[in-house]
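Everything below concerns the one structure shown next.
Chains as they are written, first to last, in this note's numbering: chain A, 1 to 85; chain B, 86 to 397.
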């Protein structure tokens, strides 16, 4: 009998990108102005997608869906939403 | 003292690239819940957006063992699993700390369809945490009316506005005499984190309800998710409280509204920013409709203020 490999078992495993490369859904990308950033971490906690780095405020554009919550919540206005080309 | 954002742990249980909409309040809340619960937990999901957000086999968007169960059985399935885990530990088949068993359901799986199983689990006082992320409609299936939908609200099944007020399920769960009941909000992550940690360390049935403004169902711009949930608290449409062993404590900013230190903001602006209300507030009866909604909110605030005084 043919052995069933892990890939064919109907079990899911936790990994990034379960919905595909969700960055392709984006119409506007958040751009962080590091000069204005005070490292308050508000964008990090409110990001529904967990794509913003806690310490450096770097956005992972591969998975960022471009919802704009970070830009709306940033107290110093360091994040702006730029239209995707 | 609530935990500040900088004190929250690094652990991430919701993985990037899941199937949720951009700006989804459910994943926003679940991230904070994950920070509080840690990785040693078992998650149960009834049909909801949270199941659709998990992504496609063989990948999973949440970093927990997840079990998808039928709509009506959130309470009973969680009871079964928590008993099984306890017996496995008794027989020596499970070492170390017991995993936290929790359900992550929407308002349909809590208020309407899932209520009898949840009520039975609460009556048995089984060791589970029931989370309800409340977006005040059946948003996953295209925004139908639920028991959590407030009065005067547009849904596809109430095109002229819902005629009945919503029910206060957190209070209903409190009347089951369970050890911990709390309401939270995605705009106050530190408050939510503290409540989940408290629930994790309390044996028995715990119920936590999280307001999750769904931008599709509520019809506002997706970047305003957090602002909208903050506005709900400020105008008193959503009250933040927790009850340990039946004693209700309000949390700020709701505590200031209840104690009368700060008046709740008028509901007008909150309503006008949401398409689900303002599309019905254009006719000549708009003032009367707003007064009805404001009346529901005022009644709820007055009732909860008096209810909190009962500590027996």
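In this text, a Cβ means the ideal position worked out from N, Cα and C, and glycines have one as well.
It should be emphasised that the depicted structure is a prediction, and the values quoted were computed from it without experimental measurement.
Starting from residue i, trace the beta strand (DSSP E) both ways and give me its first and last residue.
| i | result |
| --- | --- |
| residue 260 of chain B | Premise fails: residue 260 of chain B is in no beta strand (DSSP E) and is neither H nor E. |
| residue 293 of chain B | 291-296 |
| residue 380 of chain B | It is not in any beta strand (DSSP E) - residue 380 of chain B instead sits in the alpha helix (DSSP H) that spans 371-392. |
| residue 58 of chain A | Here residue 58 of chain A belongs to no beta strand (DSSP E), and DSSP marks it neither H nor E. |
| residue 214 of chain B | 214-219 |
| residue 265 of chain B | 265-270 |
| residue 101 of chain B | Element bounds for residue 101 of chain B: n/a, residue is neither H nor E. |
| residue 124 of chain B | Segment: none, residue 124 of chain B is in no beta strand (DSSP E) and carries neither H nor E. |
Could you have a look at residue i and say whether DSSP puts it in helix, strand or coil?
| i | result |
| --- | --- |
| residue 30 of chain A | strand |
| residue 180 of chain B | coil |
| residue 228 of chain B | coil |
| residue 154 of chain B | coil |
| residue 398 of chain B | With chain B covering only 86 through 397, there is no way to say anything about residue 398 of chain B. |
| residue 339 of chain B | helix |
| residue 332 of chain B | strand |
| residue 363 of chain B | helix |
| residue 130 of chain B | strand |
| residue 278 of chain B | helix |
| residue 203 of chain B | helix |
| residue 85 of chain A | coil |
| residue 327 of chain B | strand |
| residue 395 of chain B | coil |
| residue 198 of chain B | coil |
| residue 145 of chain B | strand |
| residue 110 of chain B | helix |
| residue 137 of chain A | Residue 137 of chain A lies beyond the residue range present for chain A, which begins at 1 and ends at 85; the question has no answer from this structure. |
| residue 80 of chain A | strand |
| residue 240 of chain B | strand |
Start and end of the alpha helix (DSSP H) containing residue i?
| i | result |
| --- | --- |
| residue 310 of chain B | 310-319 |
| residue 300 of chain B | 300-303 |
| residue 46 of chain A | 42-46 |
| residue 357 of chain B | 353-357 |
| residue 187 of chain B | Residue 187 of chain B -> not in any alpha helix (DSSP H); beta strand (DSSP E) instead, spanning 185-191. |
| residue 73 of chain A | 69-73 |
Measuring straight from C-alpha to C-alpha, what distance separates residue i and residue j?
| i | j | result |
| --- | --- | --- |
| residue 59 of chain A | residue 337 of chain B | 32 Å |
| residue 269 of chain B | residue 135 of chain B | 18 Å |
| residue 317 of chain B | residue 292 of chain B | 20 Å |
| residue 181 of chain B | residue 171 of chain B | 12 Å |
| residue 85 of chain A | residue 53 of chain A | 24 Å |
| residue 110 of chain B | residue 42 of chain A | 15 Å |
| residue 243 of chain B | residue 91 of chain B | 43 Å |
| residue 350 of chain B | residue 89 of chain B | 25 Å |
| residue 283 of chain B | residue 264 of chain B | 11 Å |
| residue 199 of chain B | residue 205 of chain B | 10 Å |
| residue 340 of chain B | residue 289 of chain B | 26 Å |
| residue 116 of chain B | residue 184 of chain B | 18 Å |
| residue 10 of chain A | residue 149 of chain B | 16 Å |
| residue 165 of chain B | residue 258 of chain B | 20 Å |
| residue 372 of chain B | residue 249 of chain B | 18 Å |
| residue 173 of chain B | residue 163 of chain B | 15 Å |
| residue 35 of chain A | residue 51 of chain A | 20 Å |
| residue 18 of chain A | residue 287 of chain B | 33 Å |
| residue 123 of chain B | residue 176 of chain B | 25 Å |
| residue 343 of chain B | residue 276 of chain B | 17 Å |
| residue 260 of chain B | residue 313 of chain B | 29 Å |
| residue 34 of chain B | residue 365 of chain B | One cannot answer for residue 34 of chain B here, as it falls past the ends of chain B, which runs 86 to 397. |
| residue 335 of chain B | residue 389 of chain B | 10 Å |
| residue 384 of chain B | residue 321 of chain B | 10 Å |
| residue 374 of chain B | residue 359 of chain B | 15 Å |
| residue 27 of chain A | residue 357 of chain B | 26 Å |
| residue 98 of chain A | residue 95 of chain B | Since the first and last residues shown for chain A are 1 and 85, residue 98 of chain A lies out of range. |
| residue 195 of chain B | residue 33 of chain A | 43 Å |
Assuming residue i and residue j are in contact, meaning their beta carbons sit under 8 Å apart, how far apart are those beta carbons, in whole angstroms?
| i | j | result |
| --- | --- | --- |
| residue 236 of chain B | residue 377 of chain B | 6 Å |
| residue 297 of chain B | residue 220 of chain B | 5 Å |
| residue 133 of chain B | residue 103 of chain B | 14 Å between Cβ atoms; not a contact. |
| residue 67 of chain A | residue 108 of chain B | 3 Å |
| residue 72 of chain A | residue 308 of chain B | 4 Å |
| residue 228 of chain B | residue 240 of chain B | 5 Å |
| residue 112 of chain B | residue 48 of chain A | 4 Å |
| residue 271 of chain B | residue 114 of chain B | 5 Å |
| residue 158 of chain B | residue 207 of chain B | In fact, because the Cβ distance is near 14 Å, the residues do not count as touching under 8 Å. |
I want to check one thing, is the minimum distance from the CB of residue i to the heavy atoms of the ligand HEM below 6 Å?
| i | result |
| --- | --- |
| residue 76 of chain A | Looking for the ligand HEM in the displayed structure turns up nothing, as the structure carries no ligands at all. |
Per the contact definition of three or more C-beta pairs closer than 8 Å, is the segment 324-332 of chain B in contact with the segment 114-130 of chain B?
-> no
So does the segment 205-219 of chain B actually touch the segment 173-191 of chain B, counting three or more Cβ pairs closer than 8 Å?
-> yes
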